[in-house]
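Numbering (UniProt numbering), first residue to last: 1 to 141.
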């Protein structure tokens, strides 16, 4: 599958390989179906710009937790996707272990993104200001 030169997914795949973090890319068709299912279930307030879930979400400050919050997640696959601009449309990167998302993002250029799992039990959004979450507990101890 060919990705746009500026695709966030392309950058994640490149850095994941260098860091030996196991990820894979869904096909465009699989990605589109997955993203539509997530949006249908959780109905996030903002899907572009500063992405957001809404008032019912828990929140953490991005500045403090951006590169550590995923360590609080369960060791299970996580599906990461981005606002659905032309460049990132239908791109979904699957992490073998959700806990590795933060460390990979720390080694990439800044990006806003969504995270969920195979059965859509939770949704996390990371934007420039906050990490919002529903269906999962991310409160640091």
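Yeah, the Cβ is synthetic: ideal placement off N, Cα and C, and Gly gets one too.
Small disclaimer: the values here were computed from a predicted structure and weren't measured.
Note to self: Contact defined as beta carbons within less than 8 Å: I believe residue 132 pairs with residue 58. What is the distance between those atoms, to the nearest angstrom?
What the structure shows: With 8 Å as the limit, residue 132 and residue 58 qualify as a contact, their Cβ atoms being about 7 Å apart.
Item checked: Which listed residue (116, 20, 129) has its alpha carbon closest to that of residue 82 -> When the alpha-carbon of residue 82 is set against those of 116, 20, 129, the nearest one is in 116.
Item checked: Simplified DSSP assignment, three categories, for residue 47 -> Coil, per DSSP.
Item checked: Straight-line Cα distance separating residue 73 from residue 99 -> Residue 73 has its alpha-carbon roughly 6 Å from the corresponding atom of residue 99.
Next item on the list: Can you have a look at residue 88 and say buried or exposed, based on whether 16 or more other CB atoms are within 10 angstroms of its CB?
Entry: Residue 88 comes out buried.
Check: Whose C-alpha, out of 60, 3, 44, 118, is nearest the C-alpha of residue 140?
Finding: Measuring C-alpha to C-alpha distances from residue 140 to each of 60, 3, 44, 118 identifies 60 as the nearest.
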